[in-house]
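Residue numbers (UniProt numbering): 1 to 267.
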């Protein structure tokens, strides 16, 4: 690797993550470099337009060029395409159908799907919809809306099976459990014969943007089996979130669970 390039990139990362401008001595101490090396690297970054000196203070800070580059990347990022490799890996590990869903009001839309290779599997279609309060991806998405639940949630929602949670207060309690454990479970609440588990996907600002999960026949995916798959589903959600720019997935999810962070307020 080019050591000069690595030093420059490392210094740029330190400056970008710092709460304020940094001085040469300060940076030299943190990066374990000589002051002359730090000064030379800073001048290169200034010439390239990534860093600027803070007037009259002898310190340096990042310009908005990093933001411009990041915005260009984010504008090209397509969530289903970004999710594809993680979904294939999850399907391979669980041998179940994998869904990526987004929220539309009180319904989810399946925007991507990897079909299970098992002869008996859950039926769904890309572009299809499901009531969000009945399926794992929907419950994961609803749990991370403002105030711990979506605005305008009615006192009672439609029942689809004997296991459907229909009462508003009970649903809000379910959403709190989702945030505490980091994943949602569907126990045959939309179709009695289908169960599933899903975790939230966060964007670069820490906001809920999608949910990724698995589903399959209830006789194969009992709750004990689903919980065994929970770590790999959460890991897929974490990896996809990082791909979308969320660098603090676990911390943000803990903040949601503890009530220290309110969804949709940045991350």
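The C-beta atom is built at its ideal place from N, Cα and C for all residues, glycine as well. Fair warning: this is a prediction, and the values are worked out from it, not measured in the lab.
Residue range of the alpha helix (DSSP H) that residue i falls in?
{"i": "residue 221", "result": "Run containing residue 221: none; DSSP gives neither H nor E here."}
{"i": "residue 78", "result": "Here residue 78 belongs to no alpha helix (DSSP H), and DSSP marks it neither H nor E."}
{"i": "residue 48", "result": "35-48"}
{"i": "residue 24", "result": "24-31"}
If you drop the 5 nearest sequence neighbours on each side, which residues of the same chain put their C-beta closer than 7 Å to that of residue i?
{"i": "residue 249", "result": "202, 238, 241 and 242"}
{"i": "residue 21", "result": "54, 57, 59, 60 and 61"}
{"i": "residue 30", "result": "14"}
{"i": "residue 63", "result": "49, 50, 51 and 52"}
{"i": "residue 82", "result": "240, 243 and 244"}
{"i": "residue 41", "result": "7, 8 and 11"}
{"i": "residue 198", "result": "136, 137, 140, 183, 184, 211, 212, 213 and 233"}
{"i": "residue 23", "result": "58 and 59"}
{"i": "residue 88", "result": "114"}
Under a three-way DSSP split, which group does residue i fall into?
{"i": "residue 246", "result": "coil"}
{"i": "residue 158", "result": "coil"}
{"i": "residue 6", "result": "helix"}
{"i": "residue 144", "result": "coil"}
{"i": "residue 263", "result": "With a pLDDT of 45 at residue 263, under the threshold of 50, the modelled position of this residue cannot be trusted; read the value that follows with caution. Here residue 263 sits in coil by DSSP."}
{"i": "residue 137", "result": "helix"}
{"i": "residue 258", "result": "helix"}
{"i": "residue 53", "result": "strand"}
{"i": "residue 238", "result": "helix"}
{"i": "residue 187", "result": "strand"}
{"i": "residue 21", "result": "coil"}
Can you give me the Cβ contacts of residue i inside the same chain, cut-off strictly under 6 Å, excluding the 5 residues immediately before and after it?
{"i": "residue 155", "result": "168"}
{"i": "residue 79", "result": "210"}
{"i": "residue 127", "result": "none"}
{"i": "residue 164", "result": "134 and 189"}
{"i": "residue 101", "result": "108, 110, 137 and 211"}
{"i": "residue 166", "result": "156, 157 and 159"}
For the beta strand (DSSP E) containing residue i, list its first residue and its last residue.
{"i": "residue 178", "result": "Looking at the DSSP string, residue 178 is not in any beta strand (DSSP E); the run it does join, the alpha helix (DSSP H), is 168-181."}
{"i": "residue 110", "result": "107-114"}
{"i": "residue 196", "result": "194-202"}
{"i": "residue 61", "result": "59-62"}
{"i": "residue 126", "result": "That residue, residue 126, is in no beta strand (DSSP E); it is neither H nor E in DSSP."}
{"i": "residue 207", "result": "Taken as a continuous stretch (DSSP letters only), residue 207 belongs to no beta strand (DSSP E), as it is neither H nor E."}
{"i": "residue 103", "result": "97-104"}
{"i": "residue 165", "result": "It is not in any beta strand (DSSP E) - residue 165 carries neither H nor E in the DSSP assignment."}
Please classify residue i as buried or exposed, where buried requires at least 16 other C-beta atoms within 10 Å of its C-beta.
{"i": "residue 132", "result": "buried"}
{"i": "residue 116", "result": "buried"}
{"i": "residue 223", "result": "exposed"}
{"i": "residue 188", "result": "buried"}
{"i": "residue 179", "result": "buried"}
{"i": "residue 159", "result": "exposed"}
{"i": "residue 171", "result": "buried"}
{"i": "residue 196", "result": "buried"}
{"i": "residue 90", "result": "buried"}
{"i": "residue 5", "result": "exposed"}
Counting only the same chain and skipping the five closest in sequence on each side, list residues whose C-beta sits under 8 Å from that of residue i.
{"i": "residue 266", "result": "Caution applies to residue 266, whose pLDDT of 38 falls short of 50 and renders its modelled position unreliable; the model cannot decide the point."}
{"i": "residue 34", "result": "28"}
{"i": "residue 125", "result": "110 and 113"}
{"i": "residue 86", "result": "212, 236, 239, 240 and 243"}
Can you find a C-beta in chain C that's less than 8 Å from the C-beta of residue i?
{"i": "residue 178", "result": "No chain C is part of this structure, which consists of one protein chain only."}
Next item on the list: Flag this pair as touching only if the region 227-234 and the region 159-175 have three or more C-beta atom pairs under 8 Å; answer yes or no.
Entry: Contact fails: fewer than three Cβ-Cβ distances are below 8 Å.
Checklist line | Contact the region 38-50 vs the region 204-211: 3+ CB pairs below 8 Å | finding: Taking a cut-off of 8 Å for Cβ pairs, the region 38-50 and the region 204-211 do not touch, as fewer than three such pairs fall below it.
Note to self: Any contact between the region 84-98 and the region 214-224? By contact I mean 3 or more CB pairs, one from each, below 8 Å.
What the structure shows: Because the criterion of three Cβ pairs below 8 Å is met, the region 84-98 and the region 214-224 touch.
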